[in-house]
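For reference, each letter of the sequence shown is one residue, going 2 to 106 in the working numbering.
Where is the CB? At the ideal position from N, CA and C, for every residue including glycine.
A short write-up of the structure that comes next.
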Amino acid sequence: MNKFPGEIGVNHKDNFSEYYMRFILQNLRQAIYKHILQDDENNCFDLENFCRSQSIKLTSIIEFVKTQIVPELVKLGWKYKFAYGETALFIYSSENPPVSWYEEI
């Protein structure tokens, strides 16, 4: 960021919560992108850890992950599975889920 965006001006204070959520979701996409590039497919993306790092509640983003992130990943050819009470997301390319994923009962 070379300078502060105009949207944080005093005149836009009423929109700050919307801007903050957009900022968090941008960080989420960036974190998942990094995870795909550097982690093994047997490792899950830890949604709970991400939320802790952003100081937000998991419930704030889980619906977005389901309705926006997952369809974007599927469109790119990835498969996915949620685990650990929807606190983790496995992103993989093989026909079978990663060996470290297990079906919850």
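#### Entry: Contact under 9 Å by Cβ, tyrosine 81 with leucine 74
yes
### Task
Quick one: residues in its chain with C-beta nearer than 8 Å to the C-beta of isoleucine 57, no 5 flanking neighbours on either side, listed in chain order?
Ile25
### Query
Between the Cα of cysteine 52 and the Cα atoms of Ser101, Lys76, Gln39, Gln27, which residue gives the shortest distance?
Gln27
### Task
Count the other C-beta atoms from every protein chain shown that fall within 10 angstroms of the C-beta of leucine 77, then say buried if there are 16 or more, exposed otherwise.
exposed
### Query
What residues in its chain sit with their C-beta under 6 Å from that of isoleucine 106, if we drop five residues either side in the sequence?
Here isoleucine 106 scores only 47 on pLDDT, less than 50, and its place in the model should not be relied on; the value that follows carries that caveat. Excluding sequence neighbours, isoleucine 106 sits near nothing in its chain.
#### Entry: Straight-line Cα distance separating glycine 10 from asparagine 44
41 Å
### Query
Excluding five sequence neighbours on each side, which residues of the same chain lie with their C-beta closer than 6 Å to the C-beta of aspartate 47?
So the qualifying residues of the chain are Ala89.
### Task
Helix, strand or coil for phenylalanine 91, going by three-state DSSP, please let me know.
strand
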